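Engineer: Residue numbers (the numbering used here): 271 to 358.
Every residue, glycine too, gets a C-beta built ideally from N, C-alpha and C.
Here the structure is a predicted model, which is why all the values come from computation and not from measurement.
1. Count the other CB atoms within 10 Å of the CB of residue 313; is the residue buried (16 or more) or exposed (fewer)?
2. Can you tell me whether residue 362 is buried or exposed, with buried defined as 16 or more other CB within 10 angstroms of its CB?
3. From the DSSP output, in three-state form, read off residue 313 for me.
4. I believe residue 318 touches residue 325 by the beta-carbon criterion, under 8 Å. Please report the beta-carbon distance rounded to the nearest angstrom.
5. What first and last residue would you give for the alpha helix (DSSP H) that runs through residue 306?
6. Between which two residues does the alpha helix (DSSP H) containing residue 284 stretch?
7. Is it buried or exposed for residue 331, if we count other Cβ within 10 angstroms and need 16 for buried?
8. Look up residue 336 in the DSSP assignment and give the residues it is bridged to.
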């Protein structure tokens, strides 16, 4: 795994969200469940790819692997932020 993922944090983070909100992780509003600081993960596999819907994949912090969904909104935000790097 990449050295750019220095801290194992996924398990602790998900447990904190569950303790605080006491419900399904999927029912927590995105803004409410955001980490207080930026964290790094490594995308290890894309399970689907379609530019018109969410992209599913697997990410890891070196200790745990969890599924992730990149929403259409997240994809558009990423594309708008990095278009200059991609095109050149």
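Structural biologist: Concretely, from the data shown:
1. Around the beta carbon of residue 313, fewer than 16 other beta carbons lie within 10 angstroms, which makes this residue exposed.
2. Residue 362 cannot be examined here, being either before or after the span of the chain that is shown, 271 to 358.
3. strand
4. Contact check for residue 318 and residue 325: beta-carbon distance about 6 Å, within the 8 Å limit, so the pair qualifies.
5. It is not in any alpha helix (DSSP H) - residue 306 carries neither H nor E in the DSSP assignment.
6. Secondary structure note for residue 284: its alpha helix (DSSP H) is the uninterrupted segment 280–291.
7. buried
8. 329
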